[in-house]
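Engineer: Taken in sequence, the protein lines are chains G and X.
For the first sequence, counting from 1, position 131 maps to 131 in this note's numbering; every step adds exactly one.
To convert, count from 1 in the second sequence and add 623; that's this note's numbering.
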Amino acid sequence: MTLGYAGKFLEIDLSRDTHKDVRFKDELLKDYIGGRALAAKILSDRLISRWEKLDPLSPENILLFLPGPLTGFFPGGRICVSGKSPQSNGVVGSTVGGEFGVELRCAGYDGVIVTGQAEKPVYVLIKDSDVDIRDAGNIWGKDCKETNTLLNRECRRLLAQRYPRYGEWKEPAKVYIGPAGENKARTAVVTAKWTHAAGYGGYGAVMGSKKLKAIAVKGTGPLPEVADLRKIRRMINAVDRNAYDNPLWRRWGTGGGGYSFAAKTSSEPVRNWQEEWHDEKSYGVDQFESRIWVKQAWSDFGCPTNCLKIAHVKTGKFKGAITDNPDYELQAYLGPNLGLFTPEEDVFMASLIDDLGLCGIQTGNVMGFAAELFQRGILTKEDLDGIEPKWGDVDAFASLARKIAFREGVGDLLAEGTYRAALKIAETKGKDVLQYAIQSKGIGIGAHGIRSGRDFSTEIGYACSVQCGDHTSMTDLPIDGPGSEVWEVFNDSAVVCNFNGFGLPRNFKFDFYNAVTGLELAREEWARGGGLKTLQIQRALLLLGGPDLKWNPRVHDDNPSRFYEPLPSGPCKGKAADHAAVKKSVRKYYEEAGWDENGVPNPETLNRLELGNVDAALRKLRK
Amino acid sequence: MLVPGADFPHLCAQCEDYPCVKACPVKALSVSKKTSAVLVNAEKCTGCGKCIEACPGRIPHMHPAQNRIVICDLCNGNPQCVKVCQEGEWNVLKTVTRREHPYELYARTPEEQTRNLATKLYGEKAEEFI
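Spelled out as structure tokens, the structure:
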């Protein structure tokens, strides 16, 4: 057994109401260390032969909750949620903070694999090796914050009953879904802890399709044994010191972005990306800080950065709205993207989105899309069930969000996500509305535009990424260079938080991994081995796609057309991405990644990486 | 004190574009290269008050006895207020490095700043005072 791993994975079959322990070979764990990489491998091994026919919202889909070997050791615990994505029809490794991964590893498991579909709503309570699949009738249909409260109460009561001599139980770590997930909205999230969410990929809908309301876990054991504990202690101290020396990050987290990404770098979505610049001082970070952040430092287990804040509106129309941060993505997508420019409105929207269990990015994107169609007269008041989503009308957007979560009326259409909604609207209205859909292969683009060239986003970052519009998984040339996606794959596979790694030496995380597992993985080796293998598998599954949508790399490996329109305002006025240059870079990227001119992985590449089964499945795409 | 019991400091935020320096008709204001604080040349300053008008937060104020303006000069890079706060272990004041965040956002008028902070502290009760 490899050091750093608990040794077993929990597989829950909801159809049969059973569970069992599964183990993977050491070589597999060595190659695909955990999290996103392991998820891609498990999914391709089990499902690749019928991937194209597999509906992500059917019982056959597999839902994975995987921490990595560094979870619990590297400061800031995270977990990776994966499966066949209902948004891109590929595999997205969606990570979320919280103690779930740490508790799970303390309970003796390296991950949870959920298959099948329950007959009626259930939730799973894990206490060390005691796994209990329980009826969730009383929490099904409740919003996220209420679910959290009810689950805490029920789990603590059950644990106290079963283990009366333990003492007072603290709250268990949880992942759960809200109404949006239950109604299988493709923009639904898996919520963790309180208002943390794994958004990209839409796994809330997968969880809802399995009628799995929540998983709660409490571990009382130690974390797995490691190779070099003294070294790990030293390295944890180094991460902590590095974070303490970064007061800006600790003070504001990403909450400063709502103003500065617009005013300084011109890369924030404003009114569905019609502009990327604003200079509204009412949306400055000081307004968030001095008006609504009632708790300035809040963090998950062991995290020195404390980038989370608690925002609470105490007066006025939105009194009582409470959420975390909101972080930059939610500030952007639920603020300027909808024409809202005050912290109170933004906190209200973020709080509502959290309650409904929707993804702020995807929902903000699709609502911005609907509002632009309304602005251009393509969608009318009648089409939108009497709602008039004018820019800045917070009530209209709130009712639209509720409709999306419950799939009522027009919400049923918008809950399909921006791309699918655009296809349907184009069909019924007979107009080309895809130009207003700011997405990449089914996933709405993160709030970092590429037009100004001042942000960290790169021109092929969204086009060539195997996670499509995911801003945390961007890629760049060269494939083993500092901007490449393989390093993001490592972050999501070891499952560490990006934010705690800023400013550390490049090799640091790999040294940390070696100290935990006792293996010798060099940074360069990852770019040629595990990282590249994961990219190939994710790419193959993305191209196989299906059943409702398939991607043609010649058309879809591209930025949304809006990114080629010049910016209309701000200091970067007139700047735009260059279509010919992007196409050229995309072709270059294909070459470097070992893909043919159509973007399909080459047989030689796959065989060199020992991915024969992927090669066999891709044969029909090559022709 | 605009709200009883809530006394908020109101200091120079070192805006990136320094509107006060630009507004000075006698060039009495300059920017320190070392600390980026605004320095006042007491001999040149005539106390005309144009910098107060130019400042988005109306932060410069007149010296109580002399006819000149006073602006925080960050104590030549070693702010004494931060020093005593840290010595007293309140850990409220800290020096930060200047990075991409726009500091001029913090240049707000005393009324605005008090309204924001007092509402956060006292909720609706604060609205009675402001």
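The beta carbon of each residue, even a glycine, is placed where N, CA and C say it ideally should be.
Take Ala-185/G as the anchor and find which of Leu-567/G, Glu-416/G and Asp-432/G has the nearest alpha-carbon.
Structural biologist: Glu-416/G
Engineer: Taking contact to mean at least 3 C-beta pairs separated by less than 8 Å, is the stretch 374-383 of chain G in contact with the stretch 352-359 of chain G?
Structural biologist: no
Engineer: Report the CB separation of Pro-69/G from Gly-302/G in whole angstroms; it is logged as a contact under 8 Å.
Structural biologist: So it is not a contact: roughly 15 Å between Cβ atoms.
Engineer: With a cut-off of 8 Å on the beta carbons, I'd call Ile-133/G and Val-124/G a contact; round off their distance for me.
Structural biologist: Sure, about 5 Å apart at Cβ, within 8 Å.
Engineer: Is the separation between the beta-carbon of Ser-94/G and that of Ile-443/G shorter than 7 Å?
Structural biologist: no
Engineer: Under a CB-based cut-off of 7 Å, is Arg-291/G close to chain X?
Structural biologist: yes
Engineer: For chain C, is any of its Cβ atoms less than 7 Å away from the one on Glu-747/X?
Structural biologist: No chain C is present in this structure, whose protein chains are G and X.
Engineer: Could you pull the start and end residues of the beta strand (DSSP E) that Tyr-176/G belongs to?
Structural biologist: 173-176
Engineer: Please work out which residues of its chain come closer than 8 Å, Cβ to Cβ, to Phe-752/X, disregarding the five sequence neighbours upstream and downstream, and give them in chain order.
Structural biologist: Leu-625, Val-626, Pro-627 and Ala-741
Engineer: Assuming Asp-128/G contacts Gly-219/G (C-beta within less than 8 Å), just tell me the rounded distance between them.
Structural biologist: 6 Å
Engineer: List the residues of chain G whose Cβ lies closer than 7 Å to the Cβ of Thr-658/X, in chain order.
Structural biologist: The premise fails here: Thr-658/X is roughly 17 Å from chain G at the closest Cβ pair, so nothing lies under 7 Å.
Engineer: For Leu-697/X, is the classification buried or exposed, using 16 other Cβ atoms within 10 angstroms of its Cβ as the cut-off for buried?
Structural biologist: So Leu-697/X counts as buried.
Engineer: Taking Phe-397/G as the reference, give the member of Leu-544/G, Arg-420/G, Phe-369/G and Lys-30/G with the closest Cα.
Structural biologist: Phe-369/G
Engineer: What does Gln-287/G touch in chain X if you count any residue whose Cβ is under 8 Å from its own?
Structural biologist: By Cβ distance, chain X contributes Leu-728 and Asn-739.
Engineer: Using DSSP's beta-bridge definition, name the partner residues of Phe-65/G.
Structural biologist: Val-81/G and Val-112/G
Engineer: So Ala-615/G is in the alpha helix (DSSP H); what residue range does that whole segment cover?
Structural biologist: First, the residue type needs correcting, since residue 615/G is Asp and not Ala in the sequence shown. Segment 612-622, the alpha helix (DSSP H) holding Asp-615/G.
Engineer: What are the start and end residues of each continuous beta strand (DSSP E) run of 3 or more residues lying completely inside the stretch 653-677 of chain X, in chain order?
Structural biologist: 661-663
Engineer: Pick out whichever of Leu-104/G, Asn-602/G, Ala-421/G and Gly-545/G has its Cα sitting closest to the Cα of Ile-48/G.
Structural biologist: With distances taken between Cα atoms, Ile-48/G lies closest to Gly-545/G.
Engineer: Measure how close the beta-carbons of Pro-601/G and Gly-612/G come, nearest whole angstrom, since I'm counting them as under 8 Å.
Structural biologist: Contact flag wrong, Cβ pair sits at about 12 Å.
Engineer: Assess, as a yes-or-no matter, whether the stretch 492-502 of chain G is touched by the stretch 477-484 of chain G under the definition of 3 or more beta carbon pairs within less than 8 Å.
Structural biologist: Result no; under three Cβ-Cβ pairs closer than 8 Å.
Engineer: Quick one: what's Gln-439/G bridged to in DSSP?
Structural biologist: Bridge pairing for Gln-439/G: Gly-444/G [DSSP].
Engineer: For His-278/G, does the count of other Cβ atoms within 10 angstroms reach 16, so buried, or fall short, so exposed?
Structural biologist: buried
Engineer: Which full runs of the alpha helix (DSSP H) of 4+ residues lie inside the stretch 506-585 of chain G, going along the chain?
Structural biologist: 508-517, 523-528, 530-544 and 553-556
Engineer: In this structure, does DSSP put Thr-147/G in helix, strand or coil?
Structural biologist: helix
Engineer: Note down, in chain order, every chain G residue with its Cβ under 8 Å from the Cβ of Glu-710/X.
Structural biologist: Result: empty, since nearest Cβ-Cβ is about 18 Å, beyond 8 Å.
Engineer: Please confirm if Thr-732/X has its CB atom under 7 Å from at least one CB of chain G.
Structural biologist: no
Engineer: Looking only at C-alpha atoms, which of Leu-3/G, Asp-26/G and Thr-191/G sits nearest to Asp-228/G?
Structural biologist: Leu-3/G
Engineer: Hey, does Lys-743/X have any beta-carbon neighbour from chain G nearer than 7 Å?
Structural biologist: yes
Engineer: Where Gly-137/G and Asp-143/G are concerned, what is the direct C-alpha to C-alpha distance, given to the nearest angstrom?
Structural biologist: Using only the alpha carbons, I get a separation of about 14 Å.
Engineer: Take Asp-455/G and list the residues in its own chain whose beta-carbon comes closer than 6 Å to its own, dropping the five residues that flank it on each side.
Structural biologist: Thr-265, Ser-267 and His-448
Engineer: Alpha carbons only, please: which of Asp-354/G, Val-313/G, Asn-365/G and Gly-320/G is nearest the one belonging to Ala-332/G?
Structural biologist: Considering only alpha carbons, the answer is Asn-365/G.
Engineer: Would you mind stating whether Asp-425/G and Arg-562/G have Cβ atoms separated by less than 7 Å?
Structural biologist: It should be noted that the sequence gives Ile, not Asp, for residue 425/G. The answer is no: Cβ separation not under 7 Å.
Engineer: Between the beta-carbon of Gly-77/G and the beta-carbon of Glu-99/G, is there less than 7 Å?
Structural biologist: yes
Engineer: Could you work out which residues of chain X lie near Val-294/G, taking near to mean beta carbons separated by less than 8 Å?
Structural biologist: Lys-743
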